[in-house]
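Chains as they are written, first to last, in the working numbering: chain G, 1 to 302; chain R, 1001 to 1360. Idealized CB from N, CA, C, for every residue including glycine.
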Amino acid sequence: MAQSEARETATTETVPLPVEMAVQERRFNLRKLLVVIVLYLAAFWTLVPMYWVAISSIKSLRDLAHIPPRFFPTDPRLDAWVTIFERRILENVYNSLVVATLATIICLVISVPAAYAATRMRLPFKFVAIVVGLMGLVALLPPIASAIPLFLLGSDLGIIDEKYTLIILYTVLNTAFAVWVLRGTFMDVPMDVEEAALMDGDTRFGAVRRILLPLIFPSLFSIAILLFIFNWNEYIIALYFVNSMKTMTLPIAIQAQIPQHELDWGVVSAAGTIAVFPVLVAAFTLQRFLVRGLTFGVASGQ
Amino acid sequence: MAEVRIEGLTKYFGDTCAVNQLNLVVRDGDLVVLLGPSGCGKTTTMRCVAGLERPTYGDIYIGETRVNDLEPRERDVALVFQSYALYPHFTAFDNIAYPLRLRKTPKDEIERRVRDVAEMLGITHTLERPPGLCSGGEQQRIALGRAIVREPVVFLMDEPLSNIDALLRVYMRAEIKRLQHELGTTMIYVTHDQVEGMTMADQIAVMNEGTLQQLGTPSEIYDMPANNFVARFVGSTPMNFIPGALRKENGKTVHKSDQFVIPVDNEMAHRAAELCPGGVCTLGVRPEEIRFTMDEDGANQAGVFLLEPLGSETILDIEKEGLLLKVKDVAATQVREGDVLSLSFNRFHLFDDETGAAIR
Chain G
1 MAQSEARETA TTETVPLPVE MAVQERRFNL RKLLVVIVLY LAAFWTLVPM
51 YWVAISSIKS LRDLAHIPPR FFPTDPRLDA WVTIFERRIL ENVYNSLVVA
101 TLATIICLVI SVPAAYAATR MRLPFKFVAI VVGLMGLVAL LPPIASAIPL
151 FLLGSDLGII DEKYTLIILY TVLNTAFAVW VLRGTFMDVP MDVEEAALMD
201 GDTRFGAVRR ILLPLIFPSL FSIAILLFIF NWNEYIIALY FVNSMKTMTL
251 PIAIQAQIPQ HELDWGVVSA AGTIAVFPVL VAAFTLQRFL VRGLTFGVAS
301 GQ
Chain R
1001 MAEVRIEGLT KYFGDTCAVN QLNLVVRDGD LVVLLGPSGC GKTTTMRCVA
1051 GLERPTYGDI YIGETRVNDL EPRERDVALV FQSYALYPHF TAFDNIAYPL
1101 RLRKTPKDEI ERRVRDVAEM LGITHTLERP PGLCSGGEQQ RIALGRAIVR
1151 EPVVFLMDEP LSNIDALLRV YMRAEIKRLQ HELGTTMIYV THDQVEGMTM
1201 ADQIAVMNEG TLQQLGTPSE IYDMPANNFV ARFVGSTPMN FIPGALRKEN
1251 GKTVHKSDQF VIPVDNEMAH RAAELCPGGV CTLGVRPEEI RFTMDEDGAN
1301 QAGVFLLEPL GSETILDIEK EGLLLKVKDV AATQVREGDV LSLSFNRFHL
1351 FDDETGAAIR
């Protein structure tokens, strides 16, 4: 509560919140206008590259090469899309879906109990601090730092170019991040509610399953989507561990569309559009859940 | 329904001793209030009974069963939390039904029992709502309902009224006491509010710094405090303390302080001589036990410096040479600020300065 108040007072100094804007309705306000302009600029800035990729996938070669660049295709065609499907892009989509989904689920299955233990069990404080601190460190480590040693390990074990290897690696690399975020989420749920369930006759596991997890479901779902996006976009590790079409995920497939001599921007753009699409869907779902998560907390807050 | 017996309960958190060698028997069907300032160990004691904490030493019995090693769910006690701890994602109905569902009660019986309890508490209209959309008082009743519905052998209440407004609190106080009488279930009620303790309890256990100070009925606690802590903690206008010593004057024992000379009857003087050889002791007197006259030349004179009218009575703040006394004036006399009064002390207690124990 205190936090949100602090945030509100802080923001009134600079940018009014939407709520405040609604309160001051009708009164014309230069500040409000400025905010809207800034927001539109930001939206434009973010969306133009996506629009550009999408539009480039249906442009003719002439339009693609045209200077100054054309914002609207004069002669739209689907050649690039035909090519990309001929190159079996759907197999890459399937690989990416399998790897990203399974890695997300396994990661949550591991990190939910870990985060629970780190917040709820009375472990020695130092122990928790060290473990969680180390995990945070791993989460901040650039992936390239671990890619080469992991590759060496993988080739010794002979598990290069396997989907399950990617799943294991993504799970491991994201667990630290997931535990960190989940820990914060668990700490927001008062211990009382769980203890009440214990008193009412539930087991600890039952209390977690019936009370705690449903309570944090919006956050849990948001974290799942974030993890999915991380996995979906992952490039560096995949670059080392993918050798064939059998394991090739989308980011690598897009890279593979850039051949040595003749570069077809249309095909690359079509692949890029396919890669962006699930992320867009995820982001919109995420947004709805984030909003729900916030109001949920307000309604239950004492 | 069962007796709760706590034997030598000691609880450490790290190096901090929260409860120290506590012995307490809560008789079957009694409402016992654990009363004390925050940090006195009352909540820890209750959580040990609930099973949410494990005692470091000592035993807890519910009925004839030693429950130290039992999980909360195996103890059949219900706990109402200070924060109510309702499940925000359930409706009020599901909140109350939760303990029954866990016990695999048949559906129609759940329906009947939840409705009965809701009617008893006057919250039938809230049953379909989530707790977030209920008022504080309604949430309180939902929490009570959840505890009552499964008919536990012991109720535990952890400051259940501290989050609702003052008016409702006075009402709920009586309501909880009535419920406890009707159900006849043993109840341990934790509070730091001595008024709550006095009004509700069959027995009050006053605690301080992890140890039990006194166990007794509200009137025993009020009229015969075992030590100066209990004397100071209980009473809405606190007891007055006058440091001094017992002396013989003209063959009679008096309590002599810098401000007053107060005669002590022979019996008390005799015991004081036994218990407190040096004679150094503090006299404690409740505000309503100080009588006063407007007599200008009587003994023990002191000036009124402030009046605190409370409607039915007035508190006179009296000062003499750095000592402040509060005197209750129930008779609505015409005392004004600046008046000089002559005081007499009707009933008082003596406390040994070394141990703090009452001399009696």
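Where the segment 200–215 of chain G meets chain A: residues whose CB sits under 9 Å from a CB there:
Judged by its chain identifiers, the structure shown contains no chain A, and its protein chains are G and R.
Alpha helix (DSSP H) containing G:Thr46: first to last residue?
Unbroken alpha helix (DSSP H) run through G:Thr46: Leu30 to Ser56.
Look up R:Pro1263 in the DSSP assignment and give the residues it is bridged to.
According to DSSP, which records beta bridges pairwise, R:Pro1263 is partnered with R:Val1254.
Using 8 Å as the Cβ pair cut-off and three pairs as the minimum, do the segment 247–255 of chain G and the segment 91–100 of chain G touch?
Output reads yes: the segment 91–100 of chain G touches the segment 247–255 of chain G.
On the criterion of 16 or more Cβ atoms from any shown chain inside 10 Å, does G:Ile216 qualify as buried, or is it exposed?
So G:Ile216 ends up on the buried side.
Closer than 7 Å at the beta carbon, the chain G residues around R:Tyr1098
Asp200, listed in chain order.
I'd like the list of long-range same chain contacts for R:Thr968, defined as Cβ closer than 7 Å, with 5 residues on each side in sequence excluded.
Residue 968 of chain R is absent from the structure shown; chain R starts at 1001 and stops at 1360.
For a test of the three-state rule: what should DSSP assign to R:Met1157, helix, strand or coil?
Strand.
I'd like the list of long-range same chain contacts for R:Glu1175, defined as Cβ closer than 6 Å, with 5 residues on each side in sequence excluded.
Same-chain partners within the cutoff: there are none.
Establish whether the CB of R:Ala1092 and some CB of chain G are separated by less than 8 Å.
R:Ala1092 does not count as touching chain G.
For chain G, find out if any of its Cβ atoms is closer than 8 Å to the Cβ of R:Pro1160; answer yes or no.
At a cut-off of 8 Å, the C-beta of R:Pro1160 has no neighbouring C-beta in chain G.
Under 8 Å by Cβ, that's how I've got R:Pro1160 and R:Gln1180 pegged, so tell me the actual separation to the nearest angstrom.
The pair is not a contact, with the Cβ atoms about 12 Å apart (cut-off 8 Å).
Under three-state DSSP, which class holds R:Ile1176?
Looking at R:Ile1176 - three-state DSSP - the assignment turns out to be helix.
Nonlocal neighbours in the same chain, by C-beta distance under 7 Å from R:Ser1342, ignoring five residues either side:
Residues Phe1292, Thr1293, Asp1295, Gly1298, Ala1299, Asn1300 and Gln1301 of the same chain have their beta carbon placed closer than 7 Å to that of R:Ser1342, with the five preceding and five following residues left out of the count.
Count the other CB atoms within 10 Å of the CB of G:Ala103; is the residue buried (16 or more) or exposed (fewer)?
Answer is buried; the Cβ neighbour count reaches 16.
Under 8 Å, Cβ to Cβ, is there at least one residue of chain R near G:Asn129?
Per the sequence presented here, residue 129 of chain G reads as Ala, with Asn not at that position. With 8 Å as the cut-off, G:Ala129 does not count as an interface residue toward chain R.
Apart from the five residues just before and just after G:Gln257, which ones in its own chain have a Cβ nearer than 8 Å to its Cβ?
These residues qualify, in order along the chain: Ile84, Arg87, Asp264, Val267, Val268 and Ala271.
Counting only Cβ-Cβ distances shorter than 7 Å, please list the residues of the segment 172–198 of chain G near chain R, keeping chain order.
For the segment 172–198 of chain G, which is checked against every Cβ of chain R, the residues closer than 7 Å are Pro190, Asp192, Val193, Glu195, Ala196 and Leu198.
Let me make sure I understand the geometry here. Which of R:Leu1316, R:Ile1142, R:Ile1315 and R:Tyr1189 has the alpha-carbon closest to that of R:Val1361?
Residue 1361 of chain R cannot be examined here, being either before or after the span of chain R that is shown, 1001 to 1360.
Between which two residues does the alpha helix (DSSP H) containing G:Leu78 stretch?
For G:Leu78, there is no enclosing alpha helix (DSSP H), as DSSP marks it with neither H nor E.
8 Å is my cut-off, CB to CB: does G:Met1 come that close to chain R?
The predicted model places G:Met1 with a pLDDT of 38, which falls under 50 and marks its position as unreliable; any figure quoted below should be read in that light. Answer no: the Cβ-Cβ gap between G:Met1 and chain R never drops below 8 Å.
Length of the line joining the Cα atoms of R:Ile1359 and R:His1349
Going by the C-alpha atoms only, they are around 7 Å apart.
Of the residues that make up the segment 1120–1144 of chain R, which ones have a beta carbon closer than 9 Å to any beta carbon in chain G?
Listed by position along the chain: Pro1130, Pro1131, Gly1132, Leu1133, Gly1136, Gln1139 and Ala1143.
Distance, G:Val38 Cα to R:Gly1104 Cα
It should be noted that the sequence gives Lys, not Gly, for residue 1104 of chain R. Taking the CA atoms as reference points, R:Lys1104 sits about 58 Å from G:Val38.
For R:Gly1008, which option in R:Ala1143, R:Leu1035, R:Tyr1061 and R:Glu1308 has the closest C-alpha, if you only look at C-alpha atoms?
Residue R:Tyr1061 is the option with its Cα nearest to R:Gly1008.
Can you list the alpha helix (DSSP H) stretches of 4 or more residues lying completely in the segment 60–143 of chain G, in chain order?
Here the runs fully enclosed are 61–65, 79–86, 89–120 and 125–140.
For the structure I just gave you, are there three or more beta carbon pairs, one from the segment 1199–1210 of chain R and one from the segment 1020–1032 of chain R, closer than 8 Å?
Taking 8 Å as the limit for Cβ pairs, the verdict is that the segment 1020–1032 of chain R does touch the segment 1199–1210 of chain R.
Less than 8 Å separating the beta-carbons of R:Ile1242 and R:Leu1323?
Taking 8 Å as the cut-off, the Cβ atoms of R:Ile1242 and R:Leu1323 count as close.
For R:Cys1040, name the three-state secondary structure that DSSP assigns.
Coil.
Got a sec? Which residues, its chain only, sit under 8 Å from G:Pro76 by beta carbon, not counting five neighbours each side?
The answer, listed in chain order, is Ile58, Lys59 and Ser60.
Hey, would you say R:Gly1284 sits closer than 8 Å to R:Asn1228, going by beta carbons?
A contact, by the Cβ cut-off of 8 Å.
Identify, in the order they occur along the chain, each residue of the same chain with its Cβ nearer than 7 Å to the Cβ of R:Lys1252, setting aside the five sequence neighbours on each side.
For R:Lys1252, where only same-chain residues beyond five positions count, the Cβ hits under 7 Å are Pro1263.
What residues from chain G crowd round R:Leu1079, counting only those whose CB sits closer than 8 Å?
Going along chain G in sequence order, the residues near R:Leu1079 (Cβ under 8 Å) are Glu195, Ala196 and Met199.
Apart from the five residues on each side of it in sequence, which residues of its chain come closer than 7 Å, Cβ to Cβ, to R:Leu1070?
Only Gly1051 meet the Cβ criterion.
How big is the Cα-Cα spacing for R:Glu1274 and R:Asp1352?
A direct Cα-to-Cα measurement between R:Glu1274 and R:Asp1352 gives close to 11 Å.
Helix, strand or coil, according to DSSP, for R:Gly1303 in the structure here?
Here R:Gly1303 sits in strand by DSSP.
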